[in-house]
Amino acid sequence: MPTIAEIASLIGAAAPEKRDALARELRGVAALADAGADDLSFVGSDAYLNGLAHTRAAAVIVRRGAKLPPEVSAVVLTVDDVELALSRALDRFAPPPPQLPLGVDRAARVDPTACVGEGARVGPFVVIGARARVGERCAIHAGAFVGEDAVVGDDCTLWPNVVVRERVTLGRRVTVHAGAVIGSDGFGYRWDGARHAKVPQIGTVVIEDDVEIGSCACVDRAKVGVTRVGRGTKIDNLVQVAHNCTVGEHCVLAGQAGLAGSVTLGAGVVLGGGTSVSDHLTMGPGAMAAGRSGIATDIDAGARVSGMPALPHRQNLREQAALRRLPELISQIRRMEEEIAALKRRSTETENR
Amino acid sequence: MPTIAEIASLIGAAAPEKRDALARELRGVAALADAGADDLSFVGSDAYLNGLAHTRAAAVIVRRGAKLPPEVSAVVLTVDDVELALSRALDRFAPPPPQLPLGVDRAARVDPTACVGEGARVGPFVVIGARARVGERCAIHAGAFVGEDAVVGDDCTLWPNVVVRERVTLGRRVTVHAGAVIGSDGFGYRWDGARHAKVPQIGTVVIEDDVEIGSCACVDRAKVGVTRVGRGTKIDNLVQVAHNCTVGEHCVLAGQAGLAGSVTLGAGVVLGGGTSVSDHLTMGPGAMAAGRSGIATDIDAGARVSGMPALPHRQNLREQAALRRLPELISQIRRMEEEIAALKRRSTETENR
Amino acid sequence: MPTIAEIASLIGAAAPEKRDALARELRGVAALADAGADDLSFVGSDAYLNGLAHTRAAAVIVRRGAKLPPEVSAVVLTVDDVELALSRALDRFAPPPPQLPLGVDRAARVDPTACVGEGARVGPFVVIGARARVGERCAIHAGAFVGEDAVVGDDCTLWPNVVVRERVTLGRRVTVHAGAVIGSDGFGYRWDGARHAKVPQIGTVVIEDDVEIGSCACVDRAKVGVTRVGRGTKIDNLVQVAHNCTVGEHCVLAGQAGLAGSVTLGAGVVLGGGTSVSDHLTMGPGAMAAGRSGIATDIDAGARVSGMPALPHRQNLREQAALRRLPELISQIRRMEEEIAALKRRSTETENR
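Protein chains in written order, with our numbering: chain R, 3 to 355; chain L, 3 to 355; chain S, 3 to 355.
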């Protein structure tokens with residue numbers, strides 16, 4: 003395990019004062035309150051600075067310039083960006099991910115016409131369909147399914163029980179978490195007078211490079227053409243991406259967000275958890291929606307919105323503040339009405355004098 | 003592949019003018035902007051009519067009477083209902099769905115007391131439990147699970163990793179998409195002073211004919227009796243149907259909608275994406291809720307509702323419009339108060355003259 | 003099957019009048035309207051008392067003191083707590099749960115270094131990873147996955163296709179329903195100027211004793227330390243618990259609820275269906291949120307909240323009632339403005355007299 007000195011160097015921390023402690027080995031990373039005497043810890047927000055006085059951690063990453071409590075026994079590693087430093091340190095302590103044996107498990111079912119790249123690892127009870135291609139160094143974990151003619155690019159990871167349906171294409175370095183489903187039929191029907199007749203969903207899904215998709219998330223195939231998730235986009239658990247959506251590059255869709263059909267998200271759009279976007283709408287590049295927003299109109303590039311229906315964030319805050327005052331306002335209006343009535347009486351009396 | 007003439011005939015299009023092009027073969031269907039020179043395309047909404055001038059498509063389905071731009075190189079196929087025509091055309095171009103080999107895969111586990119109908123196809127790593135019955139011509143894809151005493155009617159499709167728990171009944175022509183779960187225990191507990199004691203969920207689930215259920219959707223078994231999804235109903239991805247719900251025929255539940263326990267939906271109810279219905283409520287036949295509605299009272303047959311809590315749609319629009327004006331209203335009320343105070347002073351001065 | 007007398011004794015019902023019927027055997031439990039002549043039924047709410055006159059049920063559980071209709075043919079079993087009595091009776095009628103054969107199925111893949119306890123049952127196509135421990139009397143159903151170094155306590159049930167990732171710990175008597183995923187990576191990224199760089203999620207998940215987790219629910223592993231679900235907590239289908247959450251003991255999270263990262267729920271917190279809690283917030287012990295609440299601030303112990311953003315429930319009701327009146331209020335304010343203007347004119351006229 004790394005010494006404090008090694009971590010300090012890795013994260014570019016200012017040379018700490020307690021030089022005699024630098025050779026100490028660190029065993030793990032933990033929150034201030036949970037850390038043991040061999041742990042690295044961190045102060046993610048100044049609100050937690052007081053915890054420094056009581057932590058048992060051997061070393062703590064702290065923002066440069068933060069005001070420390072008087073008695074800190076831990077070695078303090080000051081950096082400009084705690085999150086970045088922590089992220090680098092975590093890499094150093096991360097346990098190795100579970101690794102399947104090289105090659106195809108004898109209990110996997112790989113179609114003879116499928117192609118599995120060199121260095122790939124295919125677990126038990128995996129199915130790889132006819133003419134599918136799985137790239138080099140991929141890890142396809144137990145119970146995952148790759149349909150006919152699907153393409154999984156190099157260095158992808160499919161966790162257990164992921165389903166990638168026929169003709170879907172995943173780029174390189176795509177990670178799909180357990181239970182997610184890529185390429186189910188889009189939800190399209192047409193009432194024919196007697197029943198909801200299914201509209202064939204003959205399109206497919208393209209997931210570009212470096213995308214990560216959460217557990218039990220669903221990305222449906224297009225009615226025609228392609229449902230696309232752009233390069234570098236991150237999709238959290240239980241998110242729904244309906245047919246014919248186009249999600250731009252480097253977007254972030256937090257847990258339980260949902261896109262209805264034919265939604266277009268520009269590059270770098272961020273949706274907070276539980277946010278939904280109605281069908282056929284467009285959000286411009288860099289637009290951000292707070293958690294649980296209900297997007298019901300097109301959203302301009304770079305806009306910040308919140309609420310349901312989603313409004314510009316400041317407007318939503320103003321309306322919410324006003325709504326907080328509404329019950330009191332009703333009383334006030336009642337009093338004003340009485341005062342107006344009284345004024346009218348006085349006015350009439352004055353006039354009649 | 004079909005010629006333009008064949009498609010024109012299939013969709014009942016008016017005889018097009020460019021007769022020499024009718025023998026041309028079409029290779030696929032694509033949106034106006036994406037279409038290549040061998041593609042069929044369509045104008046789904048008049049808003050896209052201008053795209054006709056630039057499309058490379060060989061033929062385009064257009065609403066009869068739509069105003070075309072002057073220069074259209076594609077063959078224009080005019081119809082009364084573009085969606086219907088497109089739906090028929092898509093059928094013609096749909097790639098054949100992935101087809102399992104006839105019979106039971108050697109890596110499936112079918113209980114000796116289970117019964118699999120003629121013409122059924124059972125994929126690898128499928129489990130079919132004791133006394134379960136799988137109908138004729140069913141397709142049970144890899145990793146799907148059919149529990150003890152469950153019944154799957156003729157011509158059903160279970161996509162990979164679907165779970166149908168014990169004693170559940172599916173009708174005919176039911177499609178369940180990957181990762182959906184039918185028949186988990188209802189969520190019922192009773193606080194006994196020390197813990198949430200589980201209320202046994204001894205009922206089951208009945209899914210009637212021609213239902214389609216989306217990926218990672220959940221339909222729970224009843225506490226007592228049956229959770230029922232009526233004939234022809236379509237349920238999208240990630241929808242929750244809790245114990246003892248009764249969903250009528252031909253309903254549509256869009257993505258991430260949720261029904262709490264013992265909800266009753268009449269025939270033809272439509273729930274927009276993310277809409278939730280509180281427990282024990284009833285929505286009358288034909289009621290429609292906009293996306294993200296929060297149904298908190300019974301809803302009349304044929305009503306249109308929206309908002310949270312859901313209100314009649316027009317009322318909700320009126321309230322939302324009023325809420326948009328509320329911040330300004332507060333300023334206005336403040337001004338009015340000042341004016342009333344001024345009037346009082348003037349009135350007092352006048353009286354004291 | 004039990005006689006009416008046996009059920010009366012089991013649920014502590016007052017000695018019924020129709021003593022000659024007591025030896026009759028009951029075959030099942032059904033709602034009043036659905037019950038056949040051999041069924042036990044129940045009146046869950048006084049609203050349904052009239053149904054007693056028409057039910058074919060052999061016996062009915064009714065609240066002591068309820069006002070019965072004049073002609074009731076069923077044996078009436080009066081109790082203090084219908085729900086409790088029904089729960090006990092259901093136990094008696096519950097069909098035996100599906101039981102896997104003892105031991106490890108020959109089509110399961112159990113790593114030689116894994117340990118499976120005595121009396122455990124492991125179904126086909128299950129994977130149990132290196133060094134994992136599965137406790138005594140566990141039932142691990144078909145297609146479930148238990149990762150490396152994971153611990154599943156005694157008497158747990160994993161339904162089909164559940165995924166428990168590496169290093170996750172489940173306590174004793176934990177039930178996880180089909181398709182749920184425990185221990186996927188938390189959703190953590192850091193924008194490095196060019197891309198969302200993944201923050202390693204090196205922590206894990208601890209699910210304590212007697213927890214039940216619904217179908218397609220997701221509990222993510224911690225960035226550092228542990229995502230914890232406390233003893234006796236019940237989590238419904240499609241719920242999201244993000245990284246580093248701490249859910250207290252005996253909480254109830256209804257369907258489609260969602261916790262963002264680092265949320266803390268005290269003991270006994272209840273979240274209605276579809277409720278979301280923003281990141282880093284705390285809800286005190288016993289706090290309750292109505293369905294679809296959007297928790298956006300810390301919530302006090304014992305508080306009752308609702309709405310989005312969630313407010314104290316009474317305040318929310320008051321605001322909603324006020325909002326219902328807002329459109330009318332706007333007309334009223336317009337009238338008042340006119341009256342004020344008229345008063346001003348009168349006042350000026352009076353002064354000028």
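Don't be surprised by glycine CBs; every beta carbon is placed ideally from N, CA and C.
Figure out for me which residue from the options has the closest Cα to the Cα of residue i.
{"i": "S11(R)", "options": "G46(R), A33(R), I63(R) and H56(R)", "result": "I63(R)"}
{"i": "V369(R)", "options": "T235(R), T299(R) and G137(R)", "result": "Summary: the structure shown does not reach residue 369(R), with chain R confined to residues 3 through 355, and so no result is reported for it."}
{"i": "G131(S)", "options": "A262(R), A144(R), I215(R) and R197(R)", "result": "A144(R)"}
{"i": "A122(L)", "options": "L160(L), D211(L) and I332(L)", "result": "L160(L)"}
{"i": "G205(R)", "options": "E19(R), G185(R) and C158(R)", "result": "G185(R)"}
{"i": "G274(S)", "options": "T266(L), L261(L), G275(L) and G274(L)", "result": "L261(L)"}
{"i": "D300(S)", "options": "G293(S), A289(S) and R294(S)", "result": "A289(S)"}
{"i": "G227(R)", "options": "S217(R), C247(R) and I215(R)", "result": "C247(R)"}
{"i": "H245(L)", "options": "F189(L), R316(L) and R233(L)", "result": "F189(L)"}
{"i": "D187(S)", "options": "R306(R), G257(R) and V207(R)", "result": "G257(R)"}
{"i": "A291(R)", "options": "P311(R), D281(R) and R21(R)", "result": "P311(R)"}
{"i": "C140(R)", "options": "V201(R), A23(R), R58(R) and C158(R)", "result": "C158(R)"}
{"i": "P202(S)", "options": "L313(S), R192(S) and A196(S)", "result": "R192(S)"}
Go ahead and label residue i buried or exposed: buried means 16 or more other beta carbons lie within 10 angstroms of its beta carbon, across all protein chains shown.
{"i": "K225(S)", "result": "buried"}
{"i": "M285(S)", "result": "buried"}
{"i": "P162(S)", "result": "buried"}
{"i": "E351(L)", "result": "exposed"}
{"i": "R90(L)", "result": "buried"}
{"i": "P71(R)", "result": "exposed"}
{"i": "E168(S)", "result": "buried"}
{"i": "Q101(R)", "result": "exposed"}
{"i": "D222(L)", "result": "buried"}
{"i": "G105(R)", "result": "exposed"}
{"i": "H56(L)", "result": "exposed"}
{"i": "A107(S)", "result": "It is Asp, not Ala, that sits at residue 107(S) in the sequence shown. Looking at its Cβ environment, which holds 16 or more other Cβ atoms inside 10 Å, D107(S) is buried."}
{"i": "N318(S)", "result": "buried"}
{"i": "R232(L)", "result": "It is worth fixing the name first, because residue 232(L) is Gly in this sequence and not Arg. With 16 or more other Cβ atoms within 10 Å, it is buried."}
Do residue j and residue i have their beta-carbon atoms positioned less than 8 Å apart in this structure?
{"i": "A61(R)", "j": "L79(R)", "result": "yes"}
{"i": "N239(R)", "j": "A219(R)", "result": "yes"}
{"i": "A134(L)", "j": "V124(L)", "result": "no"}
{"i": "I332(R)", "j": "E341(S)", "result": "no"}
{"i": "A68(L)", "j": "L88(L)", "result": "no"}
{"i": "V154(L)", "j": "V136(L)", "result": "yes"}
{"i": "V243(L)", "j": "V249(L)", "result": "yes"}
{"i": "G53(S)", "j": "L34(S)", "result": "yes"}
{"i": "I6(R)", "j": "V84(R)", "result": "no"}
{"i": "G173(S)", "j": "I209(S)", "result": "yes"}
Please report the straight-line C-alpha distance between residue i and residue j, rounded to a whole angstrom.
{"i": "D194(L)", "j": "A32(R)", "result": "37 Å"}
{"i": "H179(L)", "j": "R326(R)", "result": "44 Å"}
{"i": "L42(L)", "j": "D36(L)", "result": "11 Å"}
{"i": "I13(S)", "j": "D93(S)", "result": "11 Å"}
{"i": "V148(S)", "j": "P114(S)", "result": "14 Å"}
{"i": "V129(S)", "j": "E73(R)", "result": "50 Å"}
{"i": "G293(R)", "j": "S264(L)", "result": "29 Å"}
{"i": "D82(L)", "j": "S217(R)", "result": "43 Å"}
{"i": "L255(R)", "j": "P126(L)", "result": "34 Å"}
{"i": "M338(S)", "j": "N354(L)", "result": "26 Å"}
{"i": "E214(L)", "j": "A323(R)", "result": "44 Å"}
>> Could you tell me which whole alpha helix (DSSP H) segments of length 4 or greater appear in the segment 231 to 286 of chain L?
In response: none
>> Ignoring anything shorter than 3 residues, give me the beta strand (DSSP E) runs that lie fully in the segment 166 to 232 of chain S, in order along the chain.
In response: 183 to 186, 191 to 193, 198 to 200, 206 to 209, 220 to 222 and 228 to 231
> In the segment 72 to 138 of chain L, which residue ranges form an unbroken alpha helix (DSSP H) of at least 4 residues, counting only runs that do not cross its ends?
Replying inline: 84 to 95
> At which residue ranges does the segment 27 to 77 of chain L contain complete alpha helix (DSSP H) runs of 4 or more residues, listed in the order of the chain?
Replying inline: none
> What are the complete beta strand (DSSP E) segments, minimum 3 residues, inside the segment 307 to 355 of chain S?
Replying inline: none
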